[in-house]
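Enquirer: Following this message is one structure expressed as structure tokens.
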Amino acid sequence: MPDRDLSTVGKVLLALSLVLLGADSALAYVGPGADVAFLSYALTLLAWAGAALSAIFMWPLYALLRKIRSRRSQAKSPAVASTIPASEASCAENNAHR
48 MPDRDLSTVG KVLLALSLVL LGADSALAYV GPGADVAFLS YALTLLAWAG
98 AALSAIFMWP LYALLRKIRS RRSQAKSPAV ASTIPASEAS CAENNAHR
């Protein structure tokens, strides 16, 4: 890479900034179609972000509900086991020992 003088780089940047500052804004008609397309895209993006954030924030609540339900089912399991007929319970015990 050739050795450049700092003043040369400064002159190039000054010339570039003068060219860019002198440019007028583009006065072009876009039309109503672009606004509608942008609006639908923006609303879809917001809906997607809202769904993702709600899933992240609701995760601990779902985990807590799962834990509560598992404790309830464990507390109810002895009552359910007592409703099994004795003949089926003995078969289940014999199969468990095999």
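With our numbering as the guide, the letters of the sequence shown map in order to residues 48 to 145. Note that beta-carbon positions come from the ideal geometry of N, C-alpha and C, so glycine has one too.
(1) Where does D82 sit, in a helix, a strand or coil, going by DSSP?
(2) Does any residue of chain C bring its CB to less than 8 Å from the CB of L63?
(3) To the nearest angstrom, how far is the alpha carbon of A110 from that of Q121?
(4) Give the secondary structure of G57 by DSSP, where H, G and I count as helix, E and B as strand, and everything else as coil.
Expert: Judging by the given coordinates:
(1) Position 35 of the sequence shown, counting from 1, holds the residue named residue 82. Note: D82 maps to helix in three-state DSSP.
(2) The structure shown has no chain C; it contains just one protein chain.
(3) The count along the sequence shown starts at 1 and reaches residue 110 at position 63. The count along the sequence shown starts at 1 and reaches residue 121 at position 74. When only Cα atoms are considered, A110 and Q121 end up about 17 Å apart.
(4) For the purposes of this step, residue 57 is taken as residue 10 along the sequence shown, with counting starting at 1. Helix, per DSSP.
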